[in-house]
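Each residue of the sequence shown is one higher than the last, beginning at 0 in numbering that gives the first Met the number 0. Note sheet for the following structure.
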Amino acid sequence: MALSYTEQLDTLYTTTFQLRRKEVVDQIFQATPFWYLMTKKGKRRTESGGRWIEVPLQYAKNETVQFFGKGDTISINDTQPLTVARYDWKYLAGSLIRYFVDDQKNRGQSAVISLMNTKIDNLQGSLIDKLETSLFGDGTGDSGKAIDGLGNIVSTTQTTGTVGGIDRAQYTWWRANTTNMTGKSASIYIRSYMSTMFNNCGKYGEGVSRYPDMLVCDQTSYEYYESEALEISRIHIADTKLADLGFGDLAYKGRPMTWSPAATANTIHFLNTNFLEWVADPIANFDMTEWKSIPDQPNDRVAQIVAVGNVVCGNCRRQGVIYNIDTA
């Protein structure tokens, strides 16, 4: 039996999206600086199912290590250095809607393909905006269903709340570094505060990977630092992709510094992406559902693009934030 026109369009839309899916996903994770740099560093992975996304944490050192002399004993007290953070799966979706009236009016092949790609492009842009906005949130967006954002992982209130199911009020080793610049003029203090924050984030690690490798801030703070950098011999980063995205090409201590329109005003986040990841479930990693009829709307159709995942952190105290920066 020949397919109906509606069924033909269902197949065409689905096939077109599948052909474009890699491009769409690449655009989502390369359109803004944070997601681009995470992708570049290979900090996106998949994990199949489970009640949570589990992240092993190594928070204690082996205390038996010591120098010894003749006849000395070495401690055999066992160290339990591991615990697990458990992050909830988060579910993101956006709809592709087809109205019968539009389908009827755009029956020529070029018109169908043009309308189809326009709808896919629009949804792609909306997914980019949603992920970027949620990134700087605290996870309470959309009635608490949003991803764990930097507003929670690197919260300015480190003695309250949980991250990955671990209460940072109880465990000091699970707190990010914070500096409140209220009452401190950025023109006098910003350079020294940035230097201290950079070093504080690297205080408890080993090797160069202990330090932040990305700074993300709001536009005003970025432009203020840019003007300061001009006075101390401006430093450019070699990654031209960030400049191509329109988010600048500055570096701090050799680490890329960029900005986002979604970032909290008057803040600079010091991020160590060695301990940050985007984890997705391959069962729904920006995939399209089947086309469905919309009740009581003759011949109108809808499908969703669905993603399951979350941002996870394996070491909060390697992260930091300076906030209430006075750039006036």
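Just so it is clear, CB atoms sit at the ideal spot from N, CA and C, and this is done for glycine as well.
Using C-beta distances below 7 Å, list every residue in its chain close to G136, excluding the 5 sequence neighbours before and after it, in chain order. A145, G148 and G150
Would you say V311 and L270 are within 9 Å of each other, going by their C-beta atoms? no
Every unbroken beta strand (DSSP E) within the stretch 243-315, with a cutoff of 3 residues, ordered by chain: 249-251, 254-258, 266-270, 275-287 and 300-312
Counting pairs of Cβ atoms below 8 Å between the stretch 189-208 and the stretch 7-14, do you hit three or more? no
With DSSP run on the structure shown, which of helix, strand or coil describes V320? strand
Check whether the Cβ atoms of D212 and N265 sit closer than 9 Å, and answer yes or no. no
Taking 7 Å as the limit between beta carbons, can you name the residues of its chain near N67, skipping five residues before and five after? Reading off the sequence shown, one finds Phe at residue 67, where the question assumed Asn. Correct list, in chain order: I73.
So what does DSSP say about A30, is it helix, strand or coil? coil
For my contact list, Y224 and M180 are in at a C-beta cut-off of 8 Å; report their separation, rounded to the angstrom. So it is not a contact: roughly 13 Å between Cβ atoms.
Option in A228, T263 and A262 with minimal Cα separation from G253: A228
State yes or no: is the C-beta of G98 within less than 9 Å of the C-beta of D299? The residue you asked about is not Gly; residue 98 is Tyr in the sequence shown. Yes. Within cutoff.
Spatial neighbours of N309 within its chain, please: CB distance less than 7 Å, with the 5 preceding and 5 following residues excluded, ordered by chain position. I52, Y86, D87, W88, K89, I146, D147 and V278
Please name the residue, chosen from F246, H268 and R317, that lies closest to T206 on a Cα-to-Cα basis. Here residue 206 is Gly; the residue named in the question, Thr, does not match the sequence. The candidate whose alpha carbon is nearest that of G206 is R317.
Would you tell me roughly how many angstroms separate the C-alpha atoms of N314 and K118, rounded to the nearest one? 39 Å
Buried or exposed (CB count within 10 angstroms, at least 16 for buried), G163: buried
Own chain partners of R329 with C-beta closer than 6 Å, once the 5 adjacent residues on each side are dropped: Summary: the structure shown does not reach residue 329, with the chain confined to residues 0 through 327, and so no result is reported for it.
N- and C-terminal bounds of the alpha helix (DSSP H) containing N329: Because the chain spans 0 through 327 in this model, residue 329 falls outside it and cannot be assessed.
Along the chain, where does the beta strand (DSSP E) containing Y98 start, and where does it finish? Premise fails: Y98 is in no beta strand (DSSP E) and is neither H nor E.
Using beta-carbon positions only, say whether Y358 and T263 come within less than 9 Å of one another. The chain is shown only over 0 to 327; residue 358 falls outside these bounds and no answer can be derived.
If distances are taken between C-alpha atoms only, which option among W258, A92 and S226 comes closest to G124? A92
Verify whether the separation of the beta carbon atoms of R20 and N116 is less than 9 Å. no
Going by beta carbon distance, what residues of the same chain come within less than 6 Å of K291, once the five residues before and after it are set aside? V301
What does the alpha-carbon distance come out to for the pair T178 and G49? 37 Å
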